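Read the structure below first, then the notes.
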Amino acid sequence: MRIYKENSIGVLIDVQEKLLPHMYNKDEVKDNCLKLVHGLRILNVPVIVTQQYTKGLGNTIEELNTAAGNFSYIEKLTFSCYREPSFIKVMNRSGKRNAIIMGIESHVCVLQTALDLLYNNFNPIIVTDAIGSRKKPDMDAALWRMRDVGCILTTTESIMFELCIQAGTPEFKEISKIVK
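Going by this note's numbering, the letters in the sequence shown line up with residues 132 to 311, in that order.
Structure (structure tokens):
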């Protein structure tokens with residue numbers, strides 16, 4: 132399946148102040164989420180931001196707050212974003228079917244969100260180098276399961292260039308700067 136920007140929305144899941152430091156791959160997750168959010172903004176792809184129990188886990192990290200620009204996060208207590216009515220409403224109103232997923236934790240909120248999106252006729256696109264878990268085996272198992280049920284796995288650079296379609300455009304030039 133080809134992924135086009137016109138039919139895509141970014142989903143940034145729970146990259147929060149008190150949660151990110153515990154990920155085994157925290158630097159990679161942070162860096163690639165930042166690149167991806169910047170790239171999606173250049174390509175005019177909207178991004179939904181969620182926060183799990185903000186009172187206990189804090190806000191989305193400052194760098195991503197800045198990168199995402201003016202946004203309102205969706206507060207949730209459910210692990211799956213798709214179990215939060217306001218998330219469902221935003222997804223349905225967007226008219227987009229491709230959900231480009233980044234965030235934490237791979238084996239909990241990312242996995243459950245991807246499964247619910249898939250079974251509600253969305254196309255979950257898991258950006259494998261922009262998701263994380265506290266333990267690598269948990270992340271590996273989540274990736275295997277998501278792939279096995281039909282989610283699309285990709286990387287930050289791959290999805291940004293796929294959404295660009297061609298070289299030479301102003302968007303391509305900006306994206307190229309991000310990935311270098």
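Using N, Cα and C, we set each Cβ at its ideal position, and we do this for glycine too. Here the structure is a predicted model, which is why all the values come from computation and not from measurement.
Quick one, are the C-beta atoms of T315 and T259 less than 7 angstroms apart?
With the chain covering 132 to 311 only, the question about residue 315 has no answer from this structure.
Run through DSSP, which three-state label would V176 get?
Correct three-state label for V176: coil.
Under the rule that 16 or more other beta-carbon atoms within 10 Å means buried, what is S203, buried or exposed?
Sixteen is the threshold: since fewer than 16 other Cβ atoms of the shown chains lie within 10 Å of the Cβ of S203, the residue is exposed.
Of the choices I134, L165, V146, whose alpha-carbon is the least far from that of S237?
Minimum Cα distance to S237 is reached at V146.
Could you give the DSSP three-state label for E206: helix, strand or coil?
Three-state result, E206: strand.
Alpha helix (DSSP H) runs wholly inside the region 263-301, at least 4 long, in chain order:
Runs found: 267-280, 287-295.
How many angstroms separate the CA atom of G234 from the CA atom of I219?
Rounded to the nearest whole angstrom, the CA to CA distance from G234 to I219 is 18 angstroms.
With a cut-off of 8 angstroms, do at least 3 Cβ pairs link the region 276-295 to the region 237-246?
In short, these stretches touch, since the Cβ pair count reaches three.
Under 8 angstroms by Cβ, that's how I've got S139 and V176 pegged, so tell me the actual separation to the nearest angstrom.
Right, the Cβ-Cβ distance comes to about 5 angstroms (below 8 angstroms), so this counts as a contact.
Beta-carbon separation of A273 and L242 under 7 angstroms?
Contact: yes.
By DSSP's criteria, P216 is part of a beta bridge. Which residues make up the other side?
Partner(s): none; P216 has no beta bridge.
Does the region 161-177 come within contact of the region 196-215, defined as at least 3 CB pairs closer than 8 angstroms?
Contact between the region 161-177 and the region 196-215 is present, because at least three Cβ pairs lie under 8 angstroms.
Per DSSP, what kind of secondary structure is I309 in: helix, strand or coil?
In the structure shown, I309 sits in a helix (DSSP, three-state: H, G or I).
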